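So the sequence lines, in the order shown, correspond to chains A and B.
If you use my numbering, the first sequence closes out at 1690, no skipped numbers anywhere.
If you use my numbering, the second sequence closes out at 413, no skipped numbers anywhere.
Quick notes on the structure that follows.
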Amino acid sequence: MIKTENVTKYFNRGNPDEVLAVNDVSIEVKEGDFAVFKGPSGSGKTTLLSLIGCMSRPTSGRVIVEDRDVSRLPERFMTEVRRNTFGFIFQQFHLIKGISVCDNVMLPVLPTDIKPSKLRKSAVRILENLGMSGRIDFPVQKLSGGEQQRTAIARALINNPDIILADEPTAHLDTHLSEEFLSIMRNLQQQGKTIVIATHDPLVYDKDYVSLIIEMRDGRVREIIRN
Amino acid sequence: MALEKHINILDYTLQSLLRRKFKNIGIIMVFTLVIFTVSSIIFLSYSLRQEAHLLLKNSPEIVVQKMRAGRHELISTWLMTEIRGIPGVSDVEPRYWGYYYDSGVKANYTILGIGASGLENNKVVSGRMPSPHEKNVAAIGRGIADVRVIKKDLGSILYLQAADNKWMNFNIVGIFESDSGIMTADLIVISKEDFKALVSMPDDTATDLAVHVSNEAEIPTVARKIKEQFPDSRPILRDEIIRTYDAVFGWRSGLIITLFMGALIAFIILAWDKATGLSAEEKQEIGILKAIGWETSDVLEMKFWEGLVISLTSFMCGIILAYIHIFFMGASLLAPALKGWSVIYPEFRLAPFIDFYQIAILMSLTVVPYIASTIIPSWKASITDPDIVMRG
C-alpha cells in the first residue's frame, strides 16, 4: 500500500542551515496496518509522514502509494492523491479558528462540486459517530482539547480516505483522551482503513494491535518490528 | 454542477473575511475614503465642465472685444454695422456687462445690462426679468440675495454705488432659481440704461459685441476676417471659451488630486502592507488548506474573492458616497476648491454627469492592484509544500 525506496529529504539544501531530515529510508506499510513511526524528537518521523502524505517531495528516492509513484507527480496530481487517499490528523490539530466545528470538518471537500447541504449531512453524520452531536455548530476555539481532537479526526474522515496519517496525536492529550483517540483509530482500522501514526508516546506503540513499528533515529530507520 | 465548487469557496471566503472583520473593515474604510475623494473630484470637475458646455451652447458663436495695450476696453457700437457686412454673419448685438465690487460684503458681482444675452430667457424663482428699458429694477442671483440678506420676498431694494459716487436703488423684481446658480449666483441683471448710468459708459460703446454666425464651419473664417479688418479687436470663439473652462476645471481638479497624492500614497502603502504581509496565521491557514486537499488554484480563487469583495465593496461605497456628496449635497466638501472664484460660491445642484471612462480608469488603478496584491503573496505561500508552510 505504502512503500518508500531509499527516500532522502534535505531541508534548505546548500545553505548553512541545511538539515538532513530523512536519510535513505526504505519501508513498507501494508493495507490495513496499524503502523507507528516511533522515535525521539528530530528523528525524522514527521518528515517521513509528510513525504508519504504528499505534503512534501523527497530530495531523492521514491514514495509509492497504492502502486503509484507520487514522489515526482505534478502539484495538481499530488493534491488529488492527498485529498482522495489520505486523512490527516496534526499534532496541533490545525483547526481553523473562528468557524464552527461542522465548517471545519467540511473544509477538505469544499473545493468539490458537492452541494453544501450534502457536505453538511456527511459532516454531521461523522461528528455524531464521534460523539460530537452537541457541538456541531459550536465555534471550534471554544472546544476542549479532546473535542478539538475529535473534530480533527472527523475532518480527516470526511473524504472517506483509505489511509489515516496522524502526527503526534496524543502529545496534547491526557491518558484518558489518548486512550479514547486510540480506540477510535483501532475502530477505523477494523473498518479497513490503514493507520499510520508518528509518535514518541509509549501508550501508542505498546498497544497489542499495533501491527508495525518503525523506529527512527537521526533520520534513519533503526529497527522495523512487524507483529 | 461545476458552480457548486465556486459557491463553496466564496462562502468560505466570506466566513474568512468575517473572522478578520476589524482588519477588513479598517481597510474598507480607508479604501472607501480614497475612492470617495478621488471620484468626488472627478464627478465635480466633469459635471462642472459639462454644465459649462451646456450653458455656453446658447452663447454667441463669436464675442468681439476691443483691446488696447493688451487690455480689454469698451468697444464702439458703430463696428456692428461693419461686422454685419462680413459674409456669414447673421446678427451682431452689443453686450453690456461688468463687475461691481461690494466692499460691504467683500464680494464681486457680475452686472449685466439686459438686451444682449441669452440669460434673459432664464427662469427666475419668482418675479420676472427687467425689461430692456425699465429703470431701477433688477433681477439678482441667489448668492447676492444671501450675502446682502435680502428677503426672498420681492420688492426689496438693492443699493449700488455708481461710478460718479451717487447711490442707485433697484427694486428686486426677480431672483434666479438655484438650478441656474452656476451662472447666476453673483449676477445682477438691470436695464441697459441703468447699466450705462451705473458704470458711466458712453452712449456709443458696449462691453463687447456678440456675433452670430449661422454656419458653424464659417466661424473661424468670420473671426479671422474681423481680426483682419479691425486689428485692435479680439474675436473670441465659443469653442475657445469651452476649452478655457475645461482647462480651468481640469487644472483645479488636477491640483486637488496632486494635493491628495500624499493620502493616496499612504493608502497604497497601507493596502500593500495589509494585503501582502501575510500573517503567520494566514500562512498557516493556507498550509492547512493545502494539506487537507485544497489545490493552489482553490487557494488563489479564495484570495481572489477576498480581494474582490474588499476592493469592490470599497469602490462601490466610495462611488455612491461621492455621487451623493456631489449631486445631492452640493459638493459641500470640495466646492470651495473647485467651483469658486469669488466669495459668492454658486449654490446649485449639478446635473449628474458621469465620465465612465475615468471611473473605469480609477477602478483599474485601485481594484485591480488590490486584488493582485492580495493574490501574489498567497500564491507564493500556496506553491510551497504545505509541510513547510505549516512548520512556519
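Positions of the beta carbon are idealized from the N, C-alpha and C atoms, including for glycine.
Source: prediction; values computed, not measured.
Would you call V194/B buried or exposed, if buried means 16 or more other Cβ atoms sit within 10 Å of its Cβ? In the assembly as shown, V194/B is a buried residue. Its beta-carbon has 16 or more other beta-carbons within 10 Å.
What residue from I1465/A, F1474/A, M1595/A, K1466/A has the CA that sits closest to G1682/A's CA? Considering only alpha carbons, the answer is F1474/A.
Within 10 Å of its beta-carbon, does W188/B have 16 or more other beta-carbons around it, so buried, or fewer, so exposed? In the assembly as shown, W188/B is an exposed residue. Its beta-carbon has fewer than 16 other beta-carbons within 10 Å.
On the DSSP letters alone, give me the boundaries of the alpha helix (DSSP H) that N190/B sits inside. For N190/B, there is no enclosing alpha helix (DSSP H); the enclosing beta strand (DSSP E) has its first and last residue at 188–197.
For a test of the three-state rule: what should DSSP assign to V158/B, helix, strand or coil? Judged by DSSP in its simplified three-state form, V158/B adopts strand.
Measure from the C-beta of G328/B to each C-beta in chain A and report whether the shortest distance is under 7 Å. It does not; no Cβ of chain A falls within 7 Å.
Pick from H74/B, A73/B, I63/B: whose alpha carbon is nearest that of Q379/B? Ranking H74/B, A73/B, I63/B by Cα distance to Q379/B puts I63/B first.
Under 7 Å Cβ-Cβ, which residues of chain B neighbour S1513/A? Near S1513/A (Cβ distances below 7 Å), the residues of chain B are D408.
Relative to the C-alpha of T98/B, which residue among K78/B, S399/B, P223/B is closest? Between T98/B and the set K78/B, S399/B, P223/B, the nearest pair of CA atoms involves P223/B.
Determine, using beta carbons only, whether R1598/A and V1564/A come nearer to each other than 7 Å. For R1598/A and V1564/A, yes; Cβs fall inside 7 Å.
For chain A, find out if any of its Cβ atoms is closer than 7 Å to the Cβ of I62/B; answer yes or no. No, I62/B does not count as interfacial toward chain A.
Anticipated Cβ contact below 8 Å, L208/B with F197/B, distance rounded: 7 Å between Cβ atoms; contact.
State the CB to CB distance for the pair V1544/A and V1470/A, rounded to an integer number of angstroms; the pair is presumed to be in contact (CB under 8 Å). Actually they are not in contact, since the Cβ atoms of V1544/A and V1470/A sit about 16 Å apart, beyond 8 Å.
What's the call for H1639/A, buried or exposed, on a 16-neighbour Cβ count within 10 Å? By the 10 Å Cβ count, H1639/A comes out exposed.
Have a look at V1488/A, N1622/A, P1632/A and flag the residue whose alpha-carbon is nearest the alpha-carbon of R1613/A. That would be P1632/A, whose Cα lies nearest to the Cα of R1613/A.
For A227/B, which residues does DSSP report across the bridge? Under DSSP, the beta-bridge partners assigned to A227/B are I96/B.
Tell me K1581/A's beta-bridge partners as DSSP assigns them. Looking at the DSSP assignment, K1581/A forms no beta bridge with any residue, so it has no partner.
For the segment 1535–1542 of chain A and the segment 336–346 of chain B, state whether three or more C-beta atom pairs, one from each stretch, are separated by less than 8 Å. No, they do not touch.
Which bits of chain B does S1519/A rub up against, with CB to CB less than 9 Å? Result: D406, P407, D408, I409.
Taking Cβ positions only, does W400/B come closer than 7 Å to chain A? Chain A contact via Cβ: absent.
Cβ of M1595/A within 6 Å of any heavy atom in the ligand SAH? Here there are no bound small molecules, and the ligand SAH is not part of this structure.
Less than 7 Å between the beta carbons of G1507/A and V1482/A, yes or no? For G1507/A and V1482/A, no; Cβs fall outside 7 Å.
Between V1568/A and I1626/A, is the Cβ-Cβ spacing less than 7 Å? Not closer than 7 Å, so no.
Where do the ends of the alpha helix (DSSP H) carrying R116/B lie? Segment 110–123 is the beta strand (DSSP E) holding R116/B; no alpha helix (DSSP H) there.
For I345/B, is the classification buried or exposed, using 16 other Cβ atoms within 10 angstroms of its Cβ as the cut-off for buried? For I345/B, the number of other beta carbons within 10 angstroms of its own is below 16, and it is reported as exposed.
Alpha helix (DSSP H) segment containing D167/B, residue limits: 163–168 is the extent of the alpha helix (DSSP H) around D167/B.
Check the Cβ-Cβ distances between N29/B and every residue of chain A, and say whether any is below 7 Å. Closer than 7 Å to some Cβ of chain A, the Cβ of N29/B qualifies, so yes.
What is the rounded straight-line gap between the Cα of S111/B and the Cα of T102/B? Rounded to the nearest angstrom, the two C-alpha atoms are 12 Å apart.
For the beta strand (DSSP E) containing D1417/A, list its first residue and its last residue. It is not possible to answer for residue 1417/A, since the shown part of chain A is limited to 1464 through 1690.
Give every residue of the same chain whose Cβ lies closer than 6 Å to the Cβ of F1549/A, excluding the five residues on either side of it in the sequence, and list them in chain order. For F1549/A, where only same-chain residues beyond five positions count, the Cβ hits under 6 Å are G1516, P1624, I1626, L1628.
Determine the extent of the alpha helix (DSSP H) in which I1552/A is found, giving its start and end residues. For I1552/A, there is no enclosing alpha helix (DSSP H); the residue is part of the beta strand (DSSP E) that begins and ends at 1549–1552.
Taking the beta carbon of L1570/A as the centre, do at least 16 other beta carbons fall within 10 Å, making it buried, or is it exposed? L1570/A is buried by the Cβ-count criterion.
Those residues which DSSP pairs with T1467/A across a bridge: Answer by DSSP bridge pairing, in chain order: I1490/A, V1526/A.
Leaving out five residues before and five after F1553/A in sequence, what residues of the same chain have Cβ atoms less than 6 Å from its Cβ? Its chain contains D1630 as the residues whose beta carbon lies nearer than 6 Å to that of F1553/A, once the 5 sequence neighbours on both sides are disregarded; these appear in chain order.
L1573/A: contacting residues in chain B (beta-carbon distance under 7 Å): Here the neighbours are N29, I30, Y33.
Under 7 Å Cβ-Cβ, which residues of chain A neighbour K324/B? Those within 7 Å of K324/B in chain A number zero; the least Cβ separation is about 13 Å.
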